[in-house]
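Notes for the one structure printed next.
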Amino acid sequence: MNKERFKSVLLIGLIVLSVVLTKNLLDSKTPEIAVNPDVAVSTVSSSLNIERIIYPQDFIIGFGGGSYTGVYSEETRNTIWSLTTELLPAYLSQLDLTVIDEEEFRAIEKTRSLQMRLPFAISLNNFGEVYGVERGFHEILDSPIDKIVISSSQPNRVYLANFEDGQYCYLKGYEAEQRIATQISKVSEAMTTEFRRVDSLVNFRVLQEDGDQTFFNEEIIPITGVEPIPFVKVAKEIDALAERQDSEIQTLLIKAFGNSSDFIKRLEEIDGSKTYIYGYGDKALRLGISGEISYQEKLSSSVETSSVSFKEGLDIALGFIDGYGTSPQSLYLTDYQVTKDGVYEVKSYYFDYRMRDLSIFTKNMTGGHGIEVVMKNDVVTKFKKNIRRYVKSIDASEIWADGPMFIEAIINKNFDVISENFVKDKAIDINDTETNWQMSTYVLGIMQSLKNVELTYYLDSTLDDERLIPAWSLEIADTLYYFHLYTGDILMMEKIGVPEEVALSRK
Amino acid sequence: MDWSKIKTILIVSFIIINLILGYIIYGTQQTFEKKVPVESEVFDQVVALLASKNISVDFDLESYMATVPSLTVSYESYDLNQSADNFLGEGYEVIDGVAILGEEAVKVENDTTLKYFFTTALDDKNDCTLEGAQGIAERFLAQYGYETEDAPWRIDQQGEFLVVTYKQFYKSYYLDEAYMTLAIYDDHVVRFSRKWFQSVAVQNVSRQIVPPSEALFKVIERAYNETVTYGAPIVIEKMELGYRLDDSILFSYIKSGDVFPYWRITFSDGRIIYIEAVKR
Numbered sequence: 001m002n003k004e005r006f007k008s009v010l011l012i013g014l015i016v017l018s019v020v021l022t023k024n025l026l027d028s029k030t031p032e033i034a035v036n037p038d039v040a041v042s043t044v045s046s047s048l049n050i051e052r053i054i055y056p057q058d059f060i061i062g063f064g065g066g067s068y069t070g071v072y073s074e075e076t077r078n079t080i081w082s083l084t085t086e087l088l089p090a091y092l093s094q095l096d097l098t099v100i101d102e103e104e105f106r107a108i109e110k111t112r113s114l115q116m117r118l119p120f121a122i123s124l125n126n127f128g129e130v131y132g133v134e135r136g137f138h139e140i141l142d143s144p145i146d147k148i149v150i151s152s153s154q155p156n157r158v159y160l161a162n163f164e165d166g167q168y169c170y171l172k173g174y175e176a177e178q179r180i181a182t183q184i185s186k187v188s189e190a191m192t193t194e195f196r197r198v199d200s201l202v203n204f205r206v207l208q209e210d211g212d213q214t215f216f217n218e219e220i221i222p223i224t225g226v227e228p229i230p231f232v233k234v235a236k237e238i239d240a241l242a243e244r245q246d247s248e249i250q251t252l253l254i255k256a257f258g259n260s261s262d263f264i265k266r267l268e269e270i271d272g273s274k275t276y277i278y279g280y281g282d283k284a285l286r287l288g289i290s291g292e293i294s295y296q297e298k299l300s301s302s303v304e305t306s307s308v309s310f311k312e313g314l315d316i317a318l319g320f321i322d323g324y325g326t327s328p329q330s331l332y333l334t335d336y337q338v339t340k341d342g343v344y345e346v347k348s349y350y351f352d353y354r355m356r357d358l359s360i361f362t363k364n365m366t367g368g369h370g371i372e373v374v375m376k377n378d379v380v381t382k383f384k385k386n387i388r389r390y391v392k393s394i395d396a397s398e399i400w401a402d403g404p405m406f407i408e409a410i411i412n413k414n415f416d417v418i419s420e421n422f423v424k425d426k427a428i429d430i431n432d433t434e435t436n437w438q439m440s441t442y443v444l445g446i447m448q449s450l451k452n453v454e455l456t457y458y459l460d461s462t463l464d465d466e467r468l469i470p471a472w473s474l475e476i477a478d479t480l481y482y483f484h485l486y487t488g489d490i491l492m493m494e495k496i497g498v499p500e501e502v503a504l505s506r507k
Numbered sequence: 508m509d510w511s512k513i514k515t516i517l518i519v520s521f522i523i524i525n526l527i528l529g530y531i532i533y534g535t536q537q538t539f540e541k542k543v544p545v546e547s548e549v550f551d552q553v554v555a556l557l558a559s560k561n562i563s564v565d566f567d568l569e570s571y572m573a574t575v576p577s578l579t580v581s582y583e584s585y586d587l588n589q590s591a592d593n594f595l596g597e598g599y600e601v602i603d604g605v606a607i608l609g610e611e612a613v614k615v616e617n618d619t620t621l622k623y624f625f626t627t628a629l630d631d632k633n634d635c636t637l638e639g640a641q642g643i644a645e646r647f648l649a650q651y652g653y654e655t656e657d658a659p660w661r662i663d664q665q666g667e668f669l670v671v672t673y674k675q676f677y678k679s680y681y682l683d684e685a686y687m688t689l690a691i692y693d694d695h696v697v698r699f700s701r702k703w704f705q706s707v708a709v710q711n712v713s714r715q716i717v718p719p720s721e722a723l724f725k726v727i728e729r730a731y732n733e734t735v736t737y738g739a740p741i742v743i744e745k746m747e748l749g750y751r752l753d754d755s756i757l758f759s760y761i762k763s764g765d766v767f768p769y770w771r772i773t774f775s776d777g778r779i780i781y782i783e784a785v786k787r
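Going down the list, the protein sequences come from chains A and B. Here the first sequence stands for residues 1 to 507, numbered as in the working numbering. Here the second sequence stands for residues 508 to 787, numbered as in the working numbering.
Listed below in structure tokens is the structure:
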């Protein structure tokens, strides 16, 4: 009996052992990633409309008589931009161009007009390429433009400005465009917040005492209450903590490295961020814990590349964006730079996106941009993306019943910090008795240096706070500020400085 | 049929099945590491070519591993309080992430680097000898539970101190970026730091290795540029196969990850060149 019992136990043991050994053998034969052909990613972007990628940073409507409003509704913006992108290419192809001076341009800004400030200065040649206009423009068009104005008082012209280089012109069309006036009236009826020029708000008598100073600032800021803007709860695009077998991660890996999984290494950082490296670092994909997807490729000199135009590069960039996670419909190009690296031409494209009609500033990304694509000739060597998905809006009006703060109130609240930065930026010697820097001239100086006032959403991707905070962004002298819309607290401030070579390369 | 007889038959057949399975698994693992002799003819040609470029080779290599596995390594992570308890005992104070008690202090950098050090300046002459240093280092490691079977990788004079360095190995392969250093002054350790892999796991993938001759050939271009720059002849002292973590500007502070084999070429002046060792 004992012998039979021993045999039974032995048999069970042997069966278990064979199962273990079989599993062990099967494991060692299984490839690291089971490649599913169904998840192959299409490389060509179909969901993004390239003509919407070039899109103004802000829209301002002038009603004449010093009254303005800012347009934040996506629908109205799209209508205005459609009209502009219909007129401008048509006028560009006729090329009836007249150079004007700053005074004339400023005068047109004061009329009933549609005004669009571009996020970066784009050359008309590049603009024309996107809209299919033949090349060979007037040489003035080589210099980039940063503002477009269409006035109902000159309905067959499109005014263009390049403030940096101080160049102004208008293009003429054959027919007067009636839709400009219609559009302005429509916005006027729906207007909720009135804007005024900063220089129209300042008490001029203070200036007179000082004598030789002139006060001029065409920036417009709201003088009536801005409608409350909700906070937005958002979610990261990817979860860096997900396992390698996760289907989203696999899709990204296939996109980055193709179907060969054998040479992929995985590294994990202390915070949980993961990097997948192909071979000895030829290509690397990093999934950061704060939601960013970064890709890097070492371009071997043996790889054949060819240089690309602005639009060809833009197409490549968009194709790349589409493959890594989602591409928001509101995506638009916010900056573009060209530099040289040996034999290669390096093109950098920066993109941003909007949520609930406002642009999003992402802290810890280059220039706060949501997406960065860098290519050497036609090969993308660097890609970084950190965008969020919309979850829900959180009403702020109950917590902050007073509503959004005014610009002046924000400046008042943070006056110490702002004036300290201002003194540094302008290299003012406050002990210099000759220039007689009094409080009033101080305030004037600050108000005169106020630029690029904008409503935005602010996202600090390094915090575990998945909320977009409504904010005022503005520049004073050489400092960029982000203020909490309701509390006026400084969310972020940094020095603005565009290196000269970059400024030149945008052409 | 007799139930007992069936069992006997089953037992015998399962023993056979298990033996076969065991043999296959053992066989697969064996192919992960395969030692082969160096093709001396090609190797000598490359050495001659190096010599013509003013680079001499000062080592013998008779055989090398033609296949090795990839590894997955994971760093030890340290808790400041636990480490402070171990080194300082009770009564320490934590200031700005540094645990301090009297002259001694402990800190943890990026979770994975442990540092113990004396906060006071030492001004007397160091009486410790090279021979004595190793013993002091070994006693220190034993005291705090960080013993290692390997001999010190090197002991050298750095300023006032004798510094004993240990490196981590997997079998005979070096593992870069894992080390212990102990600075010795008189009869005690005044600085200790440790970054060590807690686990080293073998992956089920074996890698074909680039032969030493080919790796040396790749050295030519990189070393030659430097010879031209510095003008001095170069001596290659060592050529070893091992593993190292990749570095990139993309990431920082690695906790764990997969490592590929590299040939590590060490020059007589201490410079090191790494050559990717996996055949593609």
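Heads up, the beta-carbon is just placed ideally off N, CA and C, and yes, glycines get one too. Here the structure is a predicted model, which is why all the values come from computation and not from measurement.
Residues near residue i by beta carbon distance below 6 Å, same chain, minus five either side
i                  : result
Thr-789 of chain B : Since the first residue of chain B shown is 508 and the last is 787, residue 789 of chain B is not available in this structure.
Val-707 of chain B : Leu-578, Val-580, Tyr-677
Arg-157 of chain A : Tyr-170, Lys-172
Arg-506 of chain A : The pLDDT assigned to Arg-506 of chain A is 45, lower than 50, so where the model puts this residue is not dependable, and the model offers no usable value.
Ser-397 of chain A : Pro-228
Ser-536 of chain A : The structure shown does not extend to residue 536 of chain A, since chain A is modelled only from 1 through 507, so no value can be given for it.
Minimum Cβ-Cβ distance from residue i to chain A less than 8 Å
i                  : result
Ser-547 of chain B : no
Asn-588 of chain B : no
Asn-525 of chain B : yes
Thr-620 of chain B : no
Val-615 of chain B : no
Leu-748 of chain B : no
Where residue i falls: helix, strand or coil (DSSP)
i                  : result
Gly-488 of chain A : coil
Arg-179 of chain A : helix
Ile-223 of chain A : coil
Ser-359 of chain A : strand
Pro-576 of chain B : strand
Tyr-72 of chain A  : coil
Arg-778 of chain B : coil
Asp-592 of chain B : helix
Met-447 of chain A : helix
Leu-331 of chain A : coil
Asp-551 of chain B : helix
Contact set between residue i and chain A, taken where Cβ atoms lie within less than 9 Å
i                  : result
Asp-765 of chain B : Ile-264, Lys-265, Arg-266, Leu-267, Ile-277
Lys-514 of chain B : Glu-4, Lys-7, Ser-8, Leu-10, Leu-11
Through-space distance from residue j to residue i, alpha-carbon basis
i                  : j                  : result
Val-785 of chain B : Val-308 of chain A : 35 Å
Trp-81 of chain A  : Ile-108 of chain A : 19 Å
Lys-560 of chain B : Ile-782 of chain B : 19 Å
Asp-356 of chain A : Asp-460 of chain A : The sequence given here has Arg at residue 356 of chain A, not Asp. The straight-line gap from Cα to Cα measures roughly 18 Å.
Ile-277 of chain A : Lys-265 of chain A : 5 Å
Ile-527 of chain B : Leu-14 of chain A  : 13 Å
Glu-500 of chain A : Val-232 of chain A : Any reading at Glu-500 of chain A needs caution, since the residue's pLDDT is 47, under 50, leaving its predicted position unreliable; the model's value is listed next. Looking at the two C-alpha atoms, the distance is approximately 37 Å.
Lys-725 of chain B : Thr-85 of chain A  : 56 Å
Leu-253 of chain A : Glu-268 of chain A : 15 Å
Asn-125 of chain A : Lys-311 of chain A : 10 Å
Ala-235 of chain A : Ile-53 of chain A  : 24 Å
Sequence-distant residues of the same chain with beta carbon closer than 7 Å to residue i, five excluded per side
i                  : result
Gln-664 of chain B : none
Thr-192 of chain A : Glu-227
Interface flag, residue i vs chain B, CB-CB below 8 Å
i                  : result
Leu-253 of chain A : no
Thr-362 of chain A : no
Leu-92 of chain A  : no
Leu-26 of chain A  : no
Within chain B, partners of residue i - CB distance below 8 Å
i                  : result
Tyr-280 of chain A : Asp-753, Phe-767, Glu-783, Val-785
Same chain, Cβ closer than 8 Å to residue i, five either side skipped, listed in chain order
i                  : result
Tyr-571 of chain B : Lys-542, Val-543, Val-545, Ile-716, Pro-718, Pro-719, Leu-748
Glu-102 of chain A : Gly-166, Tyr-168
Pro-659 of chain B : Gln-641, Ala-644, Val-671, Thr-672, Tyr-673
Neighbour list for residue i in chain B, Cβ cutoff strictly below 7 Å
i                  : result
Arg-286 of chain A : Leu-757, Phe-758
Ser-273 of chain A : Phe-758
**OP:** Could you list the residues in the stretch 282 to 311 of chain A with a C-beta less than 8 Å from some C-beta on chain D, going in chain order?
**Re:** Any reference to chain D falls outside this structure, whose protein chains are A and B.
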